[in-house]
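If you're matching them up, the sequences are chains W and H in order.
With my numbering, the residue at position 63 of the first sequence is 109, and numbering never jumps.
With my numbering, the residue at position 355 of the second sequence is 372, and numbering never jumps.
Below is one structure, written out as structure tokens; the observations come after it.
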Amino acid sequence: MSKIIEGLRYSESHEWVKVDGDIAVIGVTDFAQKEMGDITYVDMPAPDDEFEAEEVFGALESVKASSDLYTPVSGTVVEVNEELEDAPEKVNEDAFGAWIIKIHMSAPEELEGLMDAAAYKAHIGE
Amino acid sequence: MDQELKQTCLYERHVAMGAKMSPFAGFMMPIQYSSITQEHNAVRGKVGMFDVSHMGEIFVEGPEAEAFVNYIFTNEIRGFEPGKVLYGMMCQKDGGTVDDLLVYREFAPEHFLLVVNAANIDKDFAWILEQSKAFKCTVRNESPVWGQIAVQGPLAEKVVIEALGYKEAASLEFYTFCDVLYKGKRLILSRTGYTGEDGFELYTSPESIVEIWDILLKAGVEPCGLGCRDTLRFEAGLPLYGDELSPEISPVMAGLGMFCKYDKDFIGKEALLDQKAGNLAKKLVGIEIEDRAIPRAGYPVETPEGREIGVVTTGYHSITLDRSICFALVEKEMSALDTPVQIRIRKKVFPGKVVKKRFYQTNYKK
């Protein structure tokens, strides 16, 4: 069983969003990290990069495959988790602790279109 | 055309053990059991085993078998003794690669075993049959009736001796084989592999292969999937047909000229000699980039000024070496060691340079 945390919002492409005022903290779910296997690299954007919702903002790389990361909400990157540059395995160890980017949301109403924990649990069939 | 995926004799074992399965070369094959990293490290540090029953076994025999095999094979088999194994390629007339393979000289005179890539069995068999018409020899594709396990790693010899009882293993040198028996039936015990480590490849009937797999599993050998087979062979600088060799990529382009011997006639010789003399557009190189990003197959390789000069064929963040490295096919003029290049990965470019293709120092038994 994959870990799912109550109170977060979830995207169909397996990102989680933790809302902190205007800031969306974004990472990937425990389900996603298990599917990927050993993560060896996290490709992250630069601060000030702007993204539309559902746009590719980076990628996770495992030994064998790479998987795009999608922003669940539109906005401007305010911070990336630089710790993951040297320690990408933290995504495997604690997917909900290892946030990837923080975005200043330009359209917070987009959060309404995301799933809650129960809906995400159904989405991954667990 | 949709073709049903084949299963090896060990398919049920893979599924029962919960391996992640995926289609490969027309077979449903295990990609990983635990994790690619764990399996990779088991082979480098201890011993792992692979189901390679999908590989093809083609037998050639008859009065002109040696002359024939030497005519379709780039390496030189004259003077090569029974019990020896030789690596090389079969080429088209234009030098393009039909396949890379192992040739076993069996103990009976004029008997050879050709071990070919799973994806190419039908193509190779048809090619070999066609070329054999002018020679007095017979060609048989026995692939379906042979299973194969590769036991690889520094403890491979110990396991083959202690768990399977084949003391002969101790005296086999790398790239030699002997015939032994498993429950009264022939087993080919070959000191070969595709990982850069010492190891053995065992060929026998599919039923026996399943029993041997169970014995080795009980002895603590790590089951390994094709995922780490690829990371291991890549680190050791070994090509994969389809990536580093193809009808468009000749052995000379792939830097495998040492396996082509020109003191004899063979199909493709003229074209390869011409390429060897410098008449080739591209060469296969190793490239290392200065970042953890991973250069994967298909990504463009450029000059530092941004001119595209080639493409990545295989790339990983190396598990053993902790470096981001790849093989790439690039313009010949850009293939010298230390040539500065860059690789475009998604929207970014990563600077790097041309390095030796043998990334990992192999540990073969001398």
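Built from N, CA and C at the ideal position, the CB exists for glycine as well.
Residue environment analysis places E179(H) among the exposed positions, since fewer than 16 neighbouring C-beta atoms fall within 10 angstroms of its C-beta. When I205(H), P171(H), K299(H), C154(H) are compared, the shortest CA-CA separation from E83(H) is found for C154(H). Excluding the 5 residues flanking it on each side, T356(H) has same chain C-beta neighbours closer than 6 Å at V371, in chain order. Following the DSSP letters along the chain, one finds C245(H) inside the alpha helix (DSSP H) bounded by residues 243 to 252. Within the same chain, Cβ atoms closer than 7 Å to the Cβ of A186(H) are found at E174, V177, I178, L206, F217, the five residues on either side in sequence being excluded. For K110(W), the C-beta contacts it makes with chain H under 7 Å involve I53, G244, in order along the chain. Residue burial annotation: G323(H) is exposed, with fewer than 16 other C-beta atoms found within 10 angstroms of its C-beta. By the Cβ-count criterion, L198(H) is exposed, with fewer than 16 other Cβ atoms from all chains shown falling within 10 Å of its own Cβ. For I306(H), no chain W residue has a Cβ inside 9 Å of its Cβ, as the nearest lies near 11 Å away.
In the three-state reduction of the DSSP assignment, P312(H) falls in the coil class, being assigned neither a helical nor a strand state. T212(H) does not reach chain W, its nearest Cβ partner there being about 15 Å away, counting only Cβ pairs nearer than 8 Å. In the three-state reduction of the DSSP assignment, Q109(H) falls in the coil class, being assigned neither a helical nor a strand state.
Beta-bridge analysis with DSSP links E239(H) to G65(H).
Contact annotation: the region 276 to 295 of chain H touches the region 112 to 128 of chain H, with at least three C-beta pairs closer than 8 Å.
In this structure, M38(H) keeps its C-beta atom at 7 Å or more from the C-beta atom of L233(H). Contact note: D95(W) does not reach chain H at a C-beta cutoff of 9 Å; the least C-beta distance is about 10 Å. With a minimum length of 3 residues, the unbroken runs of beta strand (DSSP E) contained wholly in the region 170 to 217 of chain H fall at 194 to 199, 202 to 207. For E107(W), the chain H residues whose Cβ falls inside 9 Å of its Cβ are R309, A310, I311, R313, H334, in order along the chain.
In the DSSP annotation of this structure, the continuous segment of the beta strand (DSSP E) that includes K37(H) starts and ends at 37 to 41. Against chain H, the beta carbon of T117(W) has no neighbour under 9 Å; the closest one sits roughly 15 Å away. Shown here for K136(W): same chain residues with a beta carbon closer than 8 Å to its own, the five before and five after excluded, namely E129, L130, G143, A144 in chain order. With fewer than 16 neighbouring CB atoms inside 10 Å of its own CB, S188(H) falls in the exposed class. With a cutoff of 7 Å on beta-carbon distance, E56(H) and E239(H) are scored as near each other.
Residue state for Q55(H) is assigned as helix, using DSSP reduced to three classes.
Boundaries of the alpha helix (DSSP H) harbouring L130(W): 129 to 132, taken from the DSSP string. Listed by position along chain W, the residues whose Cβ is nearer than 7 Å to that of R363(H) are D89, A105. In terms of Cα proximity to K373(H), the closest of I304(H), T331(H), T320(H) is I304(H). The Cβ atoms of F191(H) and K382(H) lie closer than 7 Å to each other.
Burial state of R246(H) is buried, judged by a 10 Å Cβ sphere holding 16 or more other Cβ atoms. Of the other Cβ atoms in all chains shown, 16 or more fall within 10 Å of the Cβ of D141(H); this residue is therefore buried. In terms of beta-carbon proximity, G83(W) lines the interface with chain H, with at least one pair separated by less than 7 Å.
Under the Cβ distance rule, T122(W) does not count among the residues neighbouring chain H, no pair being separated by less than 7 Å. In the structure shown, the three-state DSSP call for V109(W) is coil. Taking C-alpha positions only, I362(H) is separated from E81(H) by approximately 52 Å.
Here S108(W) has M82, G83, D84, I85, T86 as same chain residues with Cβ atoms under 8 Å from its own Cβ, once five neighbours each way along the sequence are excluded. Counting the other Cβ atoms within 10 Å of the Cβ of G201(H) gives fewer than 16, which makes it exposed.
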